[in-house]
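Accompanying notes for the structure given below.
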Amino acid sequence: MGCCNRRCGLLAGAVFGAALAILGGILIPLGDQIIQSTVEKEAVIVPGTTAYENWISSAAFVYRQMWLFDVQNALDVVELGATPLVKERGPYTYKVRYLAKSNITAHNDAVSFLLPNGAIFEPDMSVGSEDDLVTTLNLAVAGAYSLVPKNMHLFLDGIIKSTNSSLFQRRSVREILWGYQDPILKDILGVFYPYNGTFDGYYTVNTGQDDISRVAMIERWQGDSKLSFWNDTYCDTLNGTDASSFPPFVDKNKPIYFFSSDICRSVSSTFRETQDLWGIEVYRYVLPPSTFASPSINPDNKCFCTEKLVSRNCSMAGVLDVGPCRGGAPVYISLPHFLHGSDYLRQDVLGLNPSEENHFTYLDIEPITGFTLSFAKRLQVNMMYGPSKVISVLKHVKEYTVFPIVWLNEVRYIFQNRFIREQCNKKVRYIV
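Going by this note's numbering, the first residue of the sequence shown is number 1117, and it counts up by one from there.
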């Protein structure tokens, strides 16, 4: 399915090596004018600058923690029409984004590159083994329900029965996340399949050499200057950076913008507060509730609503139907536990407890350089299924249900290395 492959990463790309950049002399104690001049010189993405060397490969890894939703009453849901009850299982943690950018090509005031995908399981940072079993939604049944024409549902029902499949399935964490041979489709399915050995991009970003206010701004993705998923000029706009860095001298009174390939759209983020990050002042930016709000609350989201039935005439809040960029598959992205979502999303699936503190997405940005020093990207992957008079395992389903499969917390702290952190603290404190 490849929902959040990179193709799936809300903060696509490696974070600039901000600590190393500072150590390399971007921030020097010679006054604001010289600081500005030095930052503008060293922050451009061209060979020979500090930013370029650390842009190719960051000094810190990204860790993706994942919690899967384990269905507690699968049989009752299928046979009696009970409301699904889920229990969160996790975290299962993987190291990702540890590979350097590849296929780097410079052209005029821009540079193109690919982001390699890779995931390594971290048992010491996980609650259990990748072999742990979880009862989850049957991806093939949910996908086929939407993708197979209704006049073929009787045939689909026969295949489901002949393979002894049901609405839910019990599989290992490894299978659910990274892929398994599905008996219905006779193909490999997984939430993030394919991932290892794949790439996100091509990205083409501005080097900032001609205009530092454009540095790292995405000019093309996969060769195009705009998206083609939403059939609307506004929603198809490539706006901002990849969130790993922003143009220097950040103005906290203005929103920042970034493109996320895993949700197939650009989003804005707003300043919340100033934070002290290991002795360095950073601006914390967060995704506002309006990001996934219904069009009645945020009219800008109207073009992201591409169907009327499941969305209840586009009134559903808190989820984004990414089917248009996933081959029509019924995949929905939300914040964890449907934070900021319509109440009925949590009434249709019991056991969810959204928390602003634990489930919001943020970026901590050093305002002089524009580098993202830490972030937490928190998203949930869901699939939809609905009622059917023909498909036996869906005959007792009463409503279209957006069902949670896994939520992830993707984090990076640029100062994981203690020596870098201490040296960086000295430099920054000296200039301020």
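Here a beta-carbon is modelled for each residue, glycine too, at the ideal position from N, C-alpha and C.
The structure presented is a predicted model; accordingly, all values stated were derived computationally and were not measured.
Which residues in the same chain have their Cβ closer than 8 Å to the Cβ of residue i, if we skip the five residues on either side of it in sequence?
i: SER1111; result: Because residue 1111 is not part of the residues shown, which for the chain are 1117 to 1548, the question remains open.
i: GLN1297; result: ASP1303, ILE1304
i: ALA1433; result: PHE1408, ALA1409, SER1410, ILE1413, HIS1456, GLY1457, SER1458
For the beta strand (DSSP E) that residue i lies in, which residues bound it at each end?
i: ASP1459; result: That residue, ASP1459, is in no beta strand (DSSP E); its alpha helix (DSSP H) goes 1459–1464.
i: LEU1184; result: 1178–1187
i: ASP1480; result: 1478–1481
i: TYR1261; result: Where TYR1261 is concerned, there is no enclosing beta strand (DSSP E), although the alpha helix (DSSP H) it sits in stretches over 1255–1263.
i: THR1166; result: Taken as a continuous stretch (DSSP letters only), THR1166 belongs to no beta strand (DSSP E), being part of the alpha helix (DSSP H) at 1166–1172.
i: ASP1358; result: First-last for ASP1358: undefined, no H or E at that position.
i: ILE1085; result: This structure leaves residue 1085 out entirely; the chain is present only between 1117 and 1548.
Give me the Cα-Cα distance between residue i and residue j, rounded to the nearest whole angstrom.
i: PRO1440; j: PRO1483; result: 36 Å
i: ASN1254; j: VAL1178; result: 29 Å
i: TYR1318; j: HIS1453; result: 32 Å
i: VAL1366; j: ARG1330; result: 12 Å
i: PRO1145; j: GLU1156; result: Note that PRO1145 has pLDDT 48, beneath the 50 cutoff, so the model's placement of it is unreliable and the number below is only indicative. If I take the Cα positions, the gap works out to 15 Å.
i: VAL1506; j: MET1500; result: 17 Å
i: LEU1524; j: ASP1348; result: 29 Å
i: VAL1187; j: VAL1202; result: 4 Å
i: ILE1161; j: GLY1324; result: 7 Å
i: PRO1299; j: ASN1280; result: 9 Å
i: TYR1355; j: SER1377; result: The sequence shown places Asn at residue 1355, not Tyr. In a straight line, the C-alpha of ASN1355 is about 12 Å away from that of SER1377.
i: VAL1194; j: LEU1305; result: 22 Å
i: PHE1487; j: PRO1503; result: 48 Å
i: PRO1207; j: PRO1200; result: 21 Å
i: VAL1435; j: GLY1295; result: 24 Å
i: LEU1425; j: ASN1219; result: 43 Å
i: LYS1342; j: ASP1358; result: 14 Å
i: TRP1309; j: ASP1303; result: One point to set straight first is that residue 1309 is Tyr, not Trp, in the sequence displayed. Cα to Cα, TYR1309 sits roughly 11 Å from ASP1303.
i: VAL1402; j: GLU1526; result: 14 Å
i: PRO1239; j: ASN1267; result: 46 Å
i: VAL1257; j: LEU1510; result: 10 Å
i: PHE1362; j: THR1485; result: 8 Å
i: TYR1168; j: GLU1158; result: 8 Å
i: ARG1528; j: ILE1292; result: 24 Å
i: GLY1118; j: GLY1395; result: Confidence in GLY1118 is poor, its pLDDT being 45 and thus under 50, which makes the residue's placement unreliable; the coordinate value appears in the next sentence. Between GLY1118 and GLY1395, the C-alpha separation is close to 39 Å.
i: GLN1152; j: LEU1455; result: 40 Å
i: ASP1327; j: ARG1400; result: 25 Å
i: PRO1520; j: GLY1164; result: 46 Å
i: PRO1364; j: LYS1514; result: 52 Å
i: ASN1121; j: ASP1248; result: At ASN1121, the pLDDT of 39 sits below 50, so the modelled position is not reliable; the number obtained from the coordinates is stated separately. Their backbone Cα atoms lie some 22 Å apart in a straight line.
i: ASN1322; j: ASP1225; result: 6 Å
i: VAL1447; j: THR1154; result: 46 Å
i: LEU1230; j: VAL1307; result: 22 Å
i: LEU1184; j: VAL1522; result: 4 Å
i: ASN1312; j: LYS1217; result: 15 Å
i: GLU1473; j: SER1490; result: 16 Å
i: TYR1214; j: ILE1172; result: 11 Å
So who's on the other strand from residue i, going by DSSP bridges?
i: ALA1235; result: VAL1212
i: PRO1520; result: ASN1498
i: ILE1396; result: LEU1393
i: TRP1337; result: TYR1319, ASP1340
i: LYS1493; result: GLU1526
i: GLU1158; result: Beta-bridge pairing links GLU1158 to no other residue.
i: PHE1229; result: TYR1319
i: PHE1080; result: One cannot answer for residue 1080 here, as it falls past the ends of the chain, which runs 1117 to 1548.
i: PHE1387; result: TYR1401
i: ARG1428; result: According to DSSP, ARG1428 bridges with nothing at all.
In chain order, what residues of the same chain lie with their CB nearer than 6 Å to the CB of residue i, ignoring the 5 residues before and after it?
i: GLY1140; result: Legend: pLDDT at GLY1140 = 46, less than 50; position of this residue unreliable, value from coordinates given subsequently. Excluding positions up to five away in sequence, the list reads THR1166.
i: GLY1244; result: none
i: SER1228; result: THR1221, TYR1318, THR1320
i: VAL1212; result: VAL1178, ARG1180, ALA1235
i: ASN1560; result: Residue 1560 lies beyond the range of the chain shown here (1117 to 1548); nothing can be said about it.
i: GLU1246; result: PHE1237, VAL1289, ARG1290
i: ARG1123; result: Any reading at ARG1123 must be qualified, since the residue scores a pLDDT of 33, below 50, and its modelled position is unreliable; no value is offered.
i: LEU1301; result: ALA1256
So, for residue i: in the same chain, excluding its five sequence neighbours on each side, which residues have a beta-carbon less than 7 Å away from its beta-carbon?
i: ALA1190; result: THR1251, PHE1284
i: SER1431; result: SER1410, SER1412
i: GLY1339; result: TYR1318
Shortest alpha-carbon distance to residue i belongs to which of the options?
i: MET1333; options: SER1360, GLY1444, ASN1469, PRO1239; result: SER1360
i: ILE1379; options: LEU1468, ARG1205, PHE1408; result: PHE1408
i: ASN1233; options: PRO1446, ARG1336, PHE1315; result: PHE1315
i: SER1382; options: THR1390, GLU1389, TYR1373; result: TYR1373
i: SER1450; options: LEU1495, ILE1172, LEU1393; result: LEU1495
i: CYS1419; options: CYS1351, GLY1197, HIS1475, GLU1472; result: CYS1351
i: ARG1205; options: SER1242, GLY1197, LEU1393, THR1154; result: SER1242
i: SER1385; options: ARG1286, LYS1493, SER1173; result: LYS1493
i: ILE1481; options: ALA1445, PRO1371, GLY1467; result: PRO1371
i: GLU1335; options: TYR1478, HIS1223, ARG1428; result: HIS1223
i: ARG1442; options: ASN1498, GLU1389, ASP1416; result: ASN1498
Return the first residue and the last residue of the alpha helix (DSSP H) that residue i is part of.
i: TYR1373; result: Looking at the DSSP string, TYR1373 is not in any alpha helix (DSSP H); the run it does join, the beta strand (DSSP E), is 1372–1376.
i: ARG1552; result: Because the chain in this structure spans residues 1117 to 1548, residue 1552 falls outside the shown range and cannot be described.
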